[in-house]
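One structure is given below, encoded as structure tokens.
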Amino acid sequence: MKFDVVTIFPRMIEAGLAEGVVGRGIEKGVVDVRVHDLRAFTVDRHRTVDDVPYGGGPGMVMKVEPFVRALEAVRAERGTPAAVVLLSPQGRRFDQAEAGRLSALGHVVLLCGRYEGIDERVRDLVATEELSIGDFVVSGGETPALVVIDAVSRLVPGVVGDQESVEQDSFAQGILDHPHYTRPAEYAGRRVPDVLLSGHHAEVRRWRMKQALRRTLERRPDLIDEGVLSGEQLDLLAQAADEESD
Ligand code: 4HQ
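Under the working numbering, the residue at position 77 of the sequence shown is numbered 300, and the numbers go up by one with no gaps.
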């Protein structure tokens, strides 16, 4: 999986990729991230990447030409990418399905903005799509780009050691995760549910599935799509709904 990131803060991206599961994916060569400093694609003495907005108003707007030149460099060095993603709150919401789609593309460019906005012609001429990581405002596209790289890289074979854990992840199944416990069996008067100590694997599986469905029903009912649940899951969901929480 190849990523190219265009940013005025290359070290933010580099620092965010230095550790953890994605960092190891990069070390292994399964994920290949190149970071491009937008200022390297300016031609003026002050390496200007922004300017005042036409029409007036507060703040600065990122200029189009450095982004166009950055993309020309990416194409020359790395080939034509399958997608050029602009990170912005105006984008389509990034979710697990979007992560899966991007992971199948093989080569994705991520454009990070700062300031009040980006010249609209970056959207028209450079980006092929626009994605948002959620309905809130962050200071720049760098942290959203790291979120996208992380979620997409986890789906690339060889990045997460245990592929089973990727398949069990929250959202891999479209519902929330079940509760997890480790030792001690009792802490501050809170006991680990007996079924988890019982060694009855089939019972453990059913308990976890029911807990996951209960939590999803309580916290994220919008995620429940009865059309994709198995007969057993529909049964456990009905039980959980009957019991109406703990
Ligand atoms: N941004 N999802 C970059 C975001 C954002 C988001 C705000 C993008 C600031 C300059 N990006 N601009 N949410 O909040 O992707």
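Note that the Cβ used here is the ideal one computed from N, Cα and C, for glycine as well.
Looking only at C-alpha atoms, which of the options sits nearest to residue i?
{"i": "residue 367", "options": "435, 467, 318", "result": "318"}
{"i": "residue 458", "options": "443, 437, 442, 441", "result": "437"}
{"i": "residue 328", "options": "430, 350, 304", "result": "304"}
{"i": "residue 430", "options": "442, 453, 463", "result": "463"}
{"i": "residue 362", "options": "388, 425, 353, 231", "result": "231"}
{"i": "residue 393", "options": "435, 449, 353", "result": "435"}
{"i": "residue 347", "options": "290, 465, 385", "result": "290"}
{"i": "residue 323", "options": "440, 375, 313", "result": "375"}
{"i": "residue 265", "options": "277, 285, 250, 276", "result": "285"}
{"i": "residue 441", "options": "455, 451, 460, 449", "result": "460"}
{"i": "residue 297", "options": "244, 234, 229, 449", "result": "229"}
Which of the three DSSP states is assigned to residue i in this structure?
{"i": "residue 285", "result": "strand"}
{"i": "residue 376", "result": "helix"}
{"i": "residue 304", "result": "coil"}
{"i": "residue 421", "result": "coil"}
{"i": "residue 316", "result": "strand"}
{"i": "residue 437", "result": "helix"}
{"i": "residue 244", "result": "helix"}
{"i": "residue 270", "result": "coil"}
{"i": "residue 406", "result": "coil"}
{"i": "residue 311", "result": "strand"}
{"i": "residue 328", "result": "coil"}
{"i": "residue 445", "result": "helix"}
{"i": "residue 429", "result": "helix"}
{"i": "residue 232", "result": "coil"}
{"i": "residue 341", "result": "strand"}
{"i": "residue 253", "result": "coil"}
{"i": "residue 333", "result": "strand"}
{"i": "residue 400", "result": "coil"}
{"i": "residue 258", "result": "strand"}
Where residue i and residue j are concerned, what is the direct C-alpha to C-alpha distance, given to the nearest angstrom?
{"i": "residue 396", "j": "residue 390", "result": "7 Å"}
{"i": "residue 417", "j": "residue 326", "result": "40 Å"}
{"i": "residue 421", "j": "residue 427", "result": "8 Å"}
{"i": "residue 371", "j": "residue 364", "result": "11 Å"}
{"i": "residue 443", "j": "residue 252", "result": "37 Å"}
{"i": "residue 227", "j": "residue 340", "result": "21 Å"}
{"i": "residue 425", "j": "residue 331", "result": "41 Å"}
{"i": "residue 242", "j": "residue 255", "result": "14 Å"}
{"i": "residue 257", "j": "residue 309", "result": "16 Å"}
{"i": "residue 248", "j": "residue 238", "result": "15 Å"}
{"i": "residue 351", "j": "residue 295", "result": "14 Å"}
{"i": "residue 335", "j": "residue 373", "result": "16 Å"}
{"i": "residue 381", "j": "residue 225", "result": "14 Å"}
{"i": "residue 342", "j": "residue 280", "result": "14 Å"}
{"i": "residue 313", "j": "residue 465", "result": "40 Å"}
{"i": "residue 452", "j": "residue 321", "result": "21 Å"}
{"i": "residue 311", "j": "residue 338", "result": "12 Å"}
{"i": "residue 300", "j": "residue 276", "result": "32 Å"}
{"i": "residue 411", "j": "residue 456", "result": "33 Å"}
{"i": "residue 292", "j": "residue 302", "result": "14 Å"}
Should residue i be listed as close to the ligand HEM, given that the test is whether its C-beta is under 7 Å from any heavy atom?
{"i": "residue 360", "result": "In the structure on display, the ligand HEM does not appear, and the ligands it does have are the ligand 4HQ."}
Is residue i close to chain B, meaning its C-beta is less than 8 Å from at least one C-beta of that chain?
{"i": "residue 304", "result": "Checking the listed chains, one finds no chain B in this structure; it contains a single protein chain."}
contact_flag[the segment 264-283, the segment 396-415] where n(CB pairs < 8 Å) is 3 or more: In short, these stretches do not touch, since the Cβ pair count stays below three.
Inside the segment 344-393 only - beta strand (DSSP E) runs reaching at least 3 residues: Counting only runs of 3 or more, we get 352-355.
Cβ contact (3+ pairs, closer than 8 Å) linking the segment 376-391 and the segment 352-362: Flag = no, the segment 376-391 and the segment 352-362 do not touch.
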